[in-house]
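Listed in order, the protein sequences are those of chains A and B.
The first sequence begins at 1 in full-length UniProt numbering and counts up one residue at a time.
The second sequence begins at 1 in full-length UniProt numbering and counts up one residue at a time.
Think of the CB as a built atom: it goes at the ideal place given N, C-alpha and C, for glycine as much as any other residue.
2 protein chains.
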Amino acid sequence: MPGPGGARSPRYLTIAATLRDRILARELAPHDPLPSERELGEQFGVSRMTARQAITVLESEGHVCRRPPRGTFVAEPRVRFRIGSFTEEANRLGRRPRAELLWAAETEPDPDTRAALDLHDGATVHAFRRLRLMEDEPIAIETTYFAAAATPGILDKADEGSLWTLVTELYGTELHHSDAVLESIVLDEKSCALLHIRAGSPGIMLTRRTYDAAGACVEYARDVYRADRAAFEVTASLTS
Amino acid sequence: MPGPGGARSPRYLTIAATLRDRILARELAPHDPLPSERELGEQFGVSRMTARQAITVLESEGHVCRRPPRGTFVAEPRVRFRIGSFTEEANRLGRRPRAELLWAAETEPDPDTRAALDLHDGATVHAFRRLRLMEDEPIAIETTYFAAAATPGILDKADEGSLWTLVTELYGTELHHSDAVLESIVLDEKSCALLHIRAGSPGIMLTRRTYDAAGACVEYARDVYRADRAAFEVTASLTS
DNA sequence: CAGTGGTCTAGACCACTGG
DNA sequence: CAGTGGTCTAGACCACTGG
Numbered sequence: 001m002p003g004p005g006g007a008r009s010p011r012y013l014t015i016a017a018t019l020r021d022r023i024l025a026r027e028l029a030p031h032d033p034l035p036s037e038r039e040l041g042e043q044f045g046v047s048r049m050t051a052r053q054a055i056t057v058l059e060s061e062g063h064v065c066r067r068p069p070r071g072t073f074v075a076e077p078r079v080r081f082r083i084g085s086f087t088e089e090a091n092r093l094g095r096r097p098r099a100e101l102l103w104a105a106e107t108e109p110d111p112d113t114r115a116a117l118d119l120h121d122g123a124t125v126h127a128f129r130r131l132r133l134m135e136d137e138p139i140a141i142e143t144t145y146f147a148a149a150a151t152p153g154i155l156d157k158a159d160e161g162s163l164w165t166l167v168t169e170l171y172g173t174e175l176h177h178s179d180a181v182l183e184s185i186v187l188d189e190k191s192c193a194l195l196h197i198r199a200g201s202p203g204i205m206l207t208r209r210t211y212d213a214a215g216a217c218v219e220y221a222r223d224v225y226r227a228d229r230a231a232f233e234v235t236a237s238l239t240s
Numbered sequence: 001m002p003g004p005g006g007a008r009s010p011r012y013l014t015i016a017a018t019l020r021d022r023i024l025a026r027e028l029a030p031h032d033p034l035p036s037e038r039e040l041g042e043q044f045g046v047s048r049m050t051a052r053q054a055i056t057v058l059e060s061e062g063h064v065c066r067r068p069p070r071g072t073f074v075a076e077p078r079v080r081f082r083i084g085s086f087t088e089e090a091n092r093l094g095r096r097p098r099a100e101l102l103w104a105a106e107t108e109p110d111p112d113t114r115a116a117l118d119l120h121d122g123a124t125v126h127a128f129r130r131l132r133l134m135e136d137e138p139i140a141i142e143t144t145y146f147a148a149a150a151t152p153g154i155l156d157k158a159d160e161g162s163l164w165t166l167v168t169e170l171y172g173t174e175l176h177h178s179d180a181v182l183e184s185i186v187l188d189e190k191s192c193a194l195l196h197i198r199a200g201s202p203g204i205m206l207t208r209r210t211y212d213a214a215g216a217c218v219e220y221a222r223d224v225y226r227a228d229r230a231a232f233e234v235t236a237s238l239t240s
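Below, the structure written as structure tokens:
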């Protein structure tokens, strides 16, 4: 209640702040349902559209999660990843990783992929798109490219596990280091459907390269993570 | 009117896609104004609120930038940072960095800061909050903490330049490496005002520690970057 | 079938800016 | 002062889910 004339900030931000405080105070715990948008409108004396705007703020902060048509729920905290293998990261965090193969194919590389893998004209790639899950909750969509010439027969063998393990075992490749560019994006409709989040949700995109001991790029990948579930730990040496 | 029954996706996403295509095709170049929300509503035969929803999608993608009450404009592409000194990164990218000191003070550390800097009870910190700009465009807000005992007299000397350079020159500290946690956030009202973006815009938060050659943490910082202007390059060794 | 969030309408008033 | 985006209202219909 802003009370006498003091209200400086919009009502939807005041409502969002009230609900955020309740969540941070654990009055509302993860998985608890929030009141419906119609109920919140009544409670705060605003229209449904204004209550909805408040919920949208909390959703983009990752504090709540809409699950139509069941309702809106308090979200779980984020998982902290390092740049590397999803499988290894999940294991490090004591979670159960899983992969669902969406598709695998030998294709022409797009220009970025060709440049990253240093392919000559006409060379093809083995491409995989996989949904990555932890405890059966979808977290990320990985799209991975290997030079086809370097990975014969891999298409039939990619399954639910780690592609890195597979590449190491099949071809004796020693993976040495990775680099990545991280940026904040808005996920497209298809990705949101796969990740079980609403259209237009925020994500973090990693454009990632993995190198062998000789410094050759052996993997080029684009991963999109749910922004509400993932954070990334990184390190940098400053001795230039 | 969806027309001949084929419309699968909501109108606001269709409108956003149309405008996004024009931007990517450079039909609309950076700094060009978009039609106003009222005009777009007329052009696409929808209400202003629906046109507005389309613009909001493009805004959170970083494709456009609202500047009330002047209008909505096509945004510039993002700047690619590495984890490290804002000043050095700007120089590496051929940009002109600048800092505006918002405040500097000796204060009690919060629990996270105390733990990071490994301070004993009662030890204080020197805290700085600075707005970081490139070519006079605000990009990030840095909040930096040093142990007060290790940085005598620094409060008066912090100016427009690099804090790292200052620490190195004043105390002979050798900065060796950094680590950081990156996550996607929604910026609060005050930060948005400082960064000249609208309330509720997305940001990337870095929680950052810098260590000396002996492995002691000498700096703890929380930086928030505009998600529409910044991307981060990171590397990781895989030889565990 | 009741209730949810998703989408959408057709208005309204506001603060603020530039000309 | 005209025009902008910011906020807000009081409704509407939809697809979808769980009981």
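Rounded C-alpha distance that separates residue i from residue j
i, j, result
"A:I15", "A:R229", "23 Å"
"A:A105", "B:F73", "40 Å"
"A:L155", "A:F128", "8 Å"
"A:R226", "A:E42", "32 Å"
"A:L195", "A:I139", "6 Å"
"B:D21", "A:A221", "24 Å"
"A:I197", "A:G94", "24 Å"
"B:P69", "A:E59", "27 Å"
"A:V234", "B:A51", "39 Å"
"B:T56", "B:C65", "9 Å"
"A:E219", "A:S191", "22 Å"
"B:L175", "A:S237", "9 Å"
"B:A7", "B:T18", "Low confidence applies to B:A7: its pLDDT is 41, below 50, so where it sits in the model is not reliable enough to give any reading."
"B:H126", "B:T144", "8 Å"
"B:P33", "B:Y12", "19 Å"
"A:L28", "A:P97", "28 Å"
"B:R130", "B:G71", "28 Å"
"A:A75", "A:E89", "21 Å"
"A:A150", "A:A213", "15 Å"
"B:V167", "A:V224", "38 Å"
Nearest to residue i (by Cα), restricted to the options the options
i, options, result
"B:H63", "B:I23, B:S201, B:A180", "B:I23"
"A:L40", "A:A25, A:Q53, A:C217, A:R70", "A:Q53"
"B:D110", "B:A123, B:A99, B:R98, B:W103", "B:A123"
"A:G84", "A:F44, A:E61, A:Y171, A:Y211", "A:Y211"
"B:S184", "A:S36, A:E27, A:E61", "A:E61"
"A:P77", "A:F146, A:C217, A:R26", "A:R26"
"A:P202", "A:L133, A:L187, A:A213", "A:L187"
"B:V79", "B:A158, B:T113, B:M134", "B:M134"
"A:T207", "A:A147, A:T113, A:T168", "A:T113"
"A:L119", "A:D159, A:R67, A:A148", "A:A148"
"B:T87", "B:V46, B:L101, B:R132, B:M49", "B:R132"
"B:E142", "B:P35, B:L117, B:W103, B:E37", "B:W103"
"A:A99", "A:P35, A:A150, A:A158", "A:A158"
"A:A216", "A:L117, A:T107, A:N91", "A:L117"
"A:A231", "A:D223, A:I204, A:V167", "A:I204"
"B:V46", "B:P10, B:P30, B:P152, B:F146", "B:P10"
"A:P152", "A:P30, A:V224, A:G172", "A:G172"
"B:R67", "B:D223, B:A193, B:R209, B:V224", "B:A193"
"A:R209", "A:M49, A:H31, A:A115", "A:A115"
Segment limits, alpha helix (DSSP H) that includes residue i
i, result
"B:I154", "154-157"
"A:D112", "111-117"
"A:S184", "From DSSP, A:S184 is part of no alpha helix (DSSP H) but of the beta strand (DSSP E) over 175-186."
"B:I139", "Unbroken run through B:I139 is the beta strand (DSSP E), 137-147; no alpha helix (DSSP H)."
"A:L194", "189-194"
"A:L13", "11-24"
"residue 245 of chain A", "The first residue shown for chain A is 1 and the last is 240, placing residue 245 of chain A beyond what the model contains."
"A:A90", "86-92"
"residue 258 of chain B", "Past the boundaries of the shown model lies residue 258 of chain B; chain B is included only from 1 to 240, so the question cannot be answered."
Span of the beta strand (DSSP E) around residue i
i, result
"B:R226", "217-226"
"A:E37", "Here A:E37 belongs to no beta strand (DSSP E); instead the alpha helix (DSSP H) covers 37-44."
"B:T235", "230-237"
"B:T72", "71-74"
"A:R208", "202-212"
"A:T107", "97-107"
"B:R130", "125-134"
"A:R66", "64-67"
"A:R198", "Unbroken run through A:R198: none, as it is neither H nor E."
"A:R80", "79-82"
Distance cut-off 7 Å: residue i Cβ against heavy atoms of the ligand ZN
i, result
"A:R96", "With respect to small molecules bound, the structure shown includes none, and the ligand ZN cannot be examined in it."
Cβ pair count under 8 Å reaching 3, the segment 168-183 of chain B against the segment 158-168 of chain A: no
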